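In the numbering used here, the protein residues as written are 1 to 409.
Just so it is clear, CB atoms sit at the ideal spot from N, CA and C, and this is done for glycine as well.
Every value quoted in this text rests on a predicted model; they were computed, and no experiment measured them.
First up is the structure itself, then whatever we jot down about it.
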Amino acid sequence: MASGPTHRSPARRRAAVRAATALLLCCAAVPACASSSDHGHERDRATSRAGHGVHPSAAAKKAARAKLLPGMPPPLDPHDLYAADRPGKLAKAVKRFPSRVYVPNTLSDTVSVIDPKTLKVIRTIPVGHQPQHVVPSWDLKTLWVNNDLGNTLTPIDPATGRAGRTVDVHDPYNLYFTPDGKHAVVMASKDRQLVFRDAHTMRVVKALPVSCYGVNHADFSPDGRYFIVSCEFSGELLKVDTARMKVIGQQRLPITGAMPQDVKISPDGRKWYVADMVANGVWVLNGDTFSRPRLLPTGKGTHGLYVSRDSRTMYISNRGEGSVSVLSFATGKLVDRWRLPGGGSPDMGGLSADGKVLWLSGRYNSEVYAIDTRTGKLRARIPVGGGPHGLAVYPQPGRYSLGHTGIFR
């Protein structure tokens, strides 16, 4: 049958007119003539707002904060843990500090202080025996020199560059701070302990024995509820409950002779990276599930991990081959490799406040490297004391410090 106009009875035509009139009245009452399903969603949203008394986005923020370690400052951006580390975002507490590079020399028992403008050592500070790292305090006001074999911490005032009275702390190979600012966590490598201390007085709160060997580096989860620790000499990783100060996970890395070093979490908080100087790469794992990691080869003697100021890339020092690999967080792949002309032993360090220079100690060459992060070119090679290790660039952007040579949130 051929198609054609539909013929309606008078009664059906009158019903159609009534329906059209009702629709017009509806449109006059409701802007944009939303569909019935849209009205349903609007009613649901209105009911939700009336029932809870808050906007959904505010409720979501409140729920997210409830998951944080109590007392921990909420992230500026839940999708970027390093959002507070943008160029020039110096906290009020550090704005007047002169820009300096503090280099602990393990073989000289000194700290070399470099002026980044002149690229010269302007002061040498005597400290305790075998200083390993220079660590910014949680409140950003003090730099702690970890005198490992001297069993002391030497405080440095970053406003003046002067050292203060030493504090007795046993076996302080490395030092971290819990995200709530309450506790310092001493990586007591030889004692095989994680020692939780009062962040201000350094009084012992709890000494946590561990069964692995060589605890050395760590980083914290986005909510601060746990942190992951590398054990250098037994090739293991620990997962530690921050509030309970208790080991809740332990695993051995799947390669013979593994020697994990620096630990860093990705900006989105979904991946963890662990440098391994024997595996010559970084282990990538899920911290929440603490499942078996996969290895991403980066270079010989992989050691230090540093996130760029825009949170897009990570700089990876390869101590055994004198190079720095550049990792894209977006793709999870290496996008560049910078080789030091004439070689070297790039170890630990940090970024300048503007992110334009990567500063690294030359562990076996008694020197420090200043590398241009835009070109990968070496700007300077500066002589320092013997065995330079965990240098700190200070000040840096961020609201508070989680320790090491500068992990800022």
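Distance CB(residue i)-CB(residue j) smaller than 8 Å
| i | j | result |
| --- | --- | --- |
| V135 | T405 | yes |
| G385 | N105 | yes |
| G181 | W138 | yes |
| L340 | V103 | no |
| Y273 | L295 | no |
| V127 | T142 | no |
| K303 | D347 | Here residue 303 is His; the residue named in the question, Lys, does not match the sequence. Against a cut-off of 8 Å, the Cβ pair of D347 and H303 comes out as a contact. |
| G287 | I382 | no |
| A184 | F177 | yes |
| R363 | G387 | yes |
| P87 | D354 | yes |
| G376 | D336 | yes |
| R100 | G161 | yes |
| V307 | P260 | no |
| P293 | W283 | yes |
Residue i, buried or exposed, once every other Cβ within 10 Å from all chains shown has been counted against 16
| i | result |
| --- | --- |
| P254 | exposed |
| K264 | buried |
| I122 | exposed |
| H389 | buried |
| P158 | buried |
| D310 | exposed |
| G322 | buried |
| N328 | For the sequence presented, residue 328 should be read as Ser rather than Asn. The residue is exposed, with fewer than 16 neighbouring Cβ atoms inside 10 Å. |
| A66 | exposed |
| G416 | No answer is possible for residue 416: it lies beyond the span of the chain, which begins at 1 and ends at 409. |
Cutoff 6 Å; reference residue i; Cβ partners in own chain excluding five residues on either side
| i | result |
| --- | --- |
| A163 | I125, T154 and I156 |
| A11 | Note that A11 scores a pLDDT of 46, beneath 50, so its modelled location is shaky; the value from the coordinates is reported in the next line. Cβ neighbours of A11 beyond the five flanking positions: none. |
| P209 | Q193 |
| L76 | A83 and A84 |
| G150 | G128 and H129 |
| F290 | K239 and G249 |
| D223 | K67 and L68 |
Nonlocal neighbours in the same chain, by C-beta distance under 7 Å from residue i, ignoring five residues either side
| i | result |
| --- | --- |
| G342 | none |
| R203 | R197 |
| R319 | M277, G301, H303, S345, P346, D347 and R363 |
| R374 | K356 |
| K190 | D171 |
| S366 | P383, V384, G385, G386 and P388 |
Inter-residue CB distance, residue i and residue j (contact presumed, cutoff 8 Å)
| i | j | result |
| --- | --- | --- |
| V357 | R379 | 7 Å |
| S230 | N216 | 6 Å |
| L81 | P74 | No, L81 and P74 are not in contact; Cβ-Cβ is about 11 Å, not under 8 Å. |
| G403 | L140 | No, G403 and L140 are not in contact; Cβ-Cβ is about 12 Å, not under 8 Å. |
Own chain residues within Cβ distance below 8 Å of residue i, not counting five before or after
| i | result |
| --- | --- |
| G257 | G235 and V278 |
| Q250 | S211, C212, E236, L237, L238 and K239 |
| L360 | G304, S317, V324, P346, D347, M348, G349, V368, Y369, I371 and L391 |
| A410 | There is simply no residue 410 to check, as the chain begins at 1 and stops at 409 in what is shown. |
| K246 | L208 and V240 |
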